[in-house]
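Participant:
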Amino acid sequence: MEVDADAEEILNADSLKCELNTLSRADGSSVLCQNKTVMAAAVYGPVEVKHHKMLIDKAYIEVIYKPKCGISQIGDRLFESIIGSICETAILSSFYPRTAIYLIIQELQDCGATLACSINSTCLALIHAGVAMNFLFAAVTCEIHSDQNQLSQFQQENRKSEITFVFENTSDRILAVDSYGEISEVEYKDCLKKCRNSSKVIFKFYQDMISKYATKM
Amino acid sequence: MRDNILSTCEKNFLLQAINENKRLDGRQFHECRNETIHFGTDWGSCLVTLGETRVLAQVSCDIQPPKASKPNDGLLYVHVEMSPMAALHFESGRQSDISVQVNRLLEKCLKESKCVDLEALCIVSDEKVWNIRIDLNVMNFEGNLASCCSVAALAALAHFRHPDVTSTGEKIIIHPASEKDPIPINLHHYPVIISYALFNNGNHIVSDPTALEEKVADSLLLLSVNSYREICGMHFEGAPLPSSDVVIKCSRNAVNTATHLVKQIKKALSDDLEKRSRASFGGLSDSLDLNHIFSRIEENLRIDFKRECSWRDEPTPDVKPDIGGVIKMESDEDLNLDIDSDGISDSDGEDSKYSVKSVNQKTAELISKGPDLLDNDDTDMSDNGEVIEVPPKSDAKNLEEIELSGDSEEEDVVVLDSSIK
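Going down the list, the protein sequences come from chains A and B.
Positions 1 to 217 (the UniProt record's numbering) are the ones given, in order, by the first sequence.
Positions 1 to 421 (the UniProt record's numbering) are the ones given, in order, by the second sequence.
1) Mapping DSSP to helix, strand and coil, what is residue 135/A?
2) Just the chain A side, please: which residues come within less than 8 Å of residue 93/B by C-beta, in chain order?
3) Contact defined as beta carbons within less than 8 Å: I believe residue 222/B pairs with residue 192/B. What is the distance between those atoms, to the nearest angstrom?
4) Can you pull the chain A residues whose beta carbon is under 7 Å from the beta carbon of residue 39/B, in chain order?
5) Return the chain-ordered list of same chain residues with a C-beta closer than 7 Å to the C-beta of residue 182/B, the five sequence neighbours on each side being excluded.
6) Please state the DSSP three-state secondary structure of residue 31/B.
7) Within 8 Å (strictly less), CB to CB, does residue 83/B reach chain A?
8) Excluding the 5 residues preceding and the 5 following residue 284/B in the sequence, name in chain order all residues of the same chain whose CB lies nearer than 7 Å to its CB.
9) Give a yes or no on whether 8 Å exceeds the smallest Cβ distance from residue 140/A to chain E.
10) Could you pull out every unbroken alpha helix (DSSP H) segment of at least 4 residues lying fully inside the region 185-270 of chain B, listed in chain order?
11) Distance, Cα to Cα, residue 157/B vs residue 118/B?
12) Straight-line CA distance for residue 53/A to residue 122/A?
13) Tell me, to the nearest whole angstrom, how far the beta carbon of residue 207/B is from that of residue 30/B; I am working on the premise that it is less than 8 Å.
14) Which residues in chain A have a C-beta closer than 8 Å to the C-beta of residue 135/B? List them in chain order.
15) At which residue ranges does the region 118-159 of chain B contain complete beta strand (DSSP E) runs of 3 or more residues, listed in the order of the chain?
16) So, with DSSP's three-state summary, where would you put residue 111/A?
17) Expressed to the nearest angstrom, what Euclidean distance is found between the alpha-carbon atoms of residue 232/B and residue 240/B?
18) When the distance is taken between beta carbons, is residue 61/B closer than 8 Å to residue 131/B?
19) Using the DSSP secondary-structure output, state which residues sit across from residue 28/A in a beta bridge.
20) Using beta-carbon positions only, say whether residue 142/A and residue 195/A come within less than 8 Å of one another.
21) Could you spell out the range, first to last residue, of the alpha helix (DSSP H) harbouring residue 178/B?
22) What is the C-beta distance between residue 85/B and residue 100/A, in whole angstroms, given that I count them as a contact (C-beta under 8 Å)?
23) I'd like to know if residue 131/B contacts chain A, where contact means its C-beta is closer than 8 Å to some C-beta of that chain.
24) Compute the Euclidean distance between the alpha carbons of residue 17/B and residue 25/A, then round it to the nearest angstrom.
25) Say whether chain B places a C-beta atom closer than 8 Å to the C-beta of residue 60/A.
26) Could you tell me if residue 197/B is buried or exposed, where buried requires 16 or more neighbouring beta carbons within 10 angstroms of its beta carbon?
27) Cα-Cα, which of 114/A, 20/A, 12/A, 97/A is closest to residue 130/A?
28) So residue 225/B and residue 254/B are supposed to be a Cβ contact under 8 Å. How far apart are they, rounded?
29) Would you say the beta carbon of residue 142/A comes nearer than 7 Å to a heavy atom of the ligand HEM?
30) How far does the alpha helix (DSSP H) with residue 20/B in it extend, from its first residue to its last?
31) Would residue 28/B be called buried (16 or more neighbouring beta carbons within 10 Å of its own) or exposed?
32) Note down, in chain order, each residue of its chain lying with its Cβ closer than 8 Å to the Cβ of residue 249/B, except the 5 sequence neighbours on either side.
33) Do you know how far the Cα of residue 159/B is from the Cα of residue 7/B?
34) In angstroms with no decimal places, state the Cα-to-Cα distance between residue 108/B and residue 271/B.
35) According to a CB-to-CB cut-off of less than 9 Å, which residues of the region 111-123 of chain A neighbour chain B?
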């Protein structure tokens, strides 16, 4: 996979770090570090499903997001529903009827762009668990600053708005968009273009991780 | 989903190993697993691993009115969350027996031993005090949770800093970190929980038990000990003990372990302070090991093929304590490994055609070195090891070879007395 030089404008490949197979009990697990944000994800599945949650034609998918302090708030529930709907499209759930797939995400360190980091760590955990998927997905967050149309991944004081795009790797389509603040159409298109370029960095990173991991196996 | 049921053969295997003074992961009875302590970028955030048990601790604070009975004391609240990430039978948001138990143990260890200077957390008497909350998220559950949680909670408390406050009679000003340096919590002493599993009426005492050992043990003894060699709490569960000697024996051992753990915590704290001054400080992201793809899951496997009695005679067994690997096998008249194959029966020493290599947790490879010997399907391992065939040209650099001797031609069944980590 070729990555353009300008693809690293928002996301630097050096800022990504990952460990797979960090947990002994989960079927798949990963810890992903994006800039300084660190997220852990674990996948259990396909496993036995509770009777009232069983779906006869596909797998039941549940996402649990754990903040590091306190009990989960409404924002965490929103994260769960966003990641849940992404995973429902990505996972070939009809391969596993009458089962459940549980995804648990644990926040380890919050330095901005937590949604993107948790989505990416989920994808890595799914790859590690060997769950059949339609495509891989990668999320990129960019911020628009109030003074100029500058984009970055870092959480900064003078940001006007923040937008997260989730892409899939087969035909580069958008899977999900989550935004905060005011964004004009021009800005949106600009962000989309830059984020789409940057998603290539993450897909390349996935590929590197798999090849590194597969040789070990 | 329910917890895995403990099978009888697993239980018997473990008990048999304990009777032979062996543990499934190859540790000595008094040996603890390795601990690692990493701090995050936020104050009071800490990730602790004890073997494969992993706990994330985060301390937070807010201002609340104090208890009417203690108007000058700050509040300390401990919350243990058994995340489904640790094991699927823990439901999120619901308290289970184990989480209540660990919570209570930690309260005993931290609150009732009065290690935190709560009076220093008072802002205005009878009105406003700091409420310190410790959240412990269990990320992986492989036994000795109480010990891991207590180390995590203590390290996080020692790391935490709350904002400085000035009281001007009527108003209270909370200073952000940019104005005044935040203040660390004052700790009088450092208590940690050390746990022991007892087998056979306390004749066999195992420290730092794994999840399986905890399940099989007759009774569990948890001691909370501080670095001044004082016992600040004790918890005993399971079958009663015939004598009190065991408790004394355990507490002697526990003080040494506790001193070691507290030393590790203090070392990690001073390392963290040093790292914080650097610009490239990344908190928990620094703890990621990029070159080691299998991460913390330990790849050690130690197999001791000798009879217990035979290695007592020789004080220097071939077991290398730090590396997982292959151990020379000695087969006397009591063969512990008999291989159902005609080809290897009379291979003495160097010409052995099989060697055992550790792969990762719970996996062992039995490598046949000659291409003619692939018929090891009947090989039966008494634990959950796997037998994998590997092409003959495999890299066997780190392998020691198994000495096979004796007349195993007549033998039919293979019994691998293996201890697997």
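Backbone N, C-alpha and C define an ideal beta-carbon position, used for all residues, glycine too.
Facilitator: On the basis of the data shown:
1) coil
2) 71, 72
3) Their Cβ separation, rounded to whole angstroms, is 11 Å, which puts residue 222/B and residue 192/B out of contact at 8 Å.
4) Here the premise fails: no neighbours, minimum Cβ distance about 10 Å.
5) 43, 161, 162, 163, 164
6) coil
7) yes
8) 38, 40, 47
9) In the structure shown, chain E cannot be found, because the protein chains are A and B.
10) 211-216
11) 12 Å
12) 22 Å
13) 5 Å
14) 68, 69, 70
15) 122-124, 128-140
16) coil
17) 21 Å
18) yes
19) 43/A
20) yes
21) Here residue 178/B belongs to no alpha helix (DSSP H), and DSSP marks it neither H nor E.
22) Between residue 100/A and residue 85/B the Cβ distance is about 15 Å, and since that is not below 8 Å, they are no contact.
23) no
24) 24 Å
25) no
26) buried
27) 20/A
28) 5 Å
29) Ligands are entirely absent from the displayed structure, and the ligand HEM is therefore not among its contents.
30) Counting along the chain, residue 20/B falls outside any alpha helix (DSSP H), and DSSP gives it neither H nor E.
31) exposed
32) 205
33) 42 Å
34) 29 Å
35) 111
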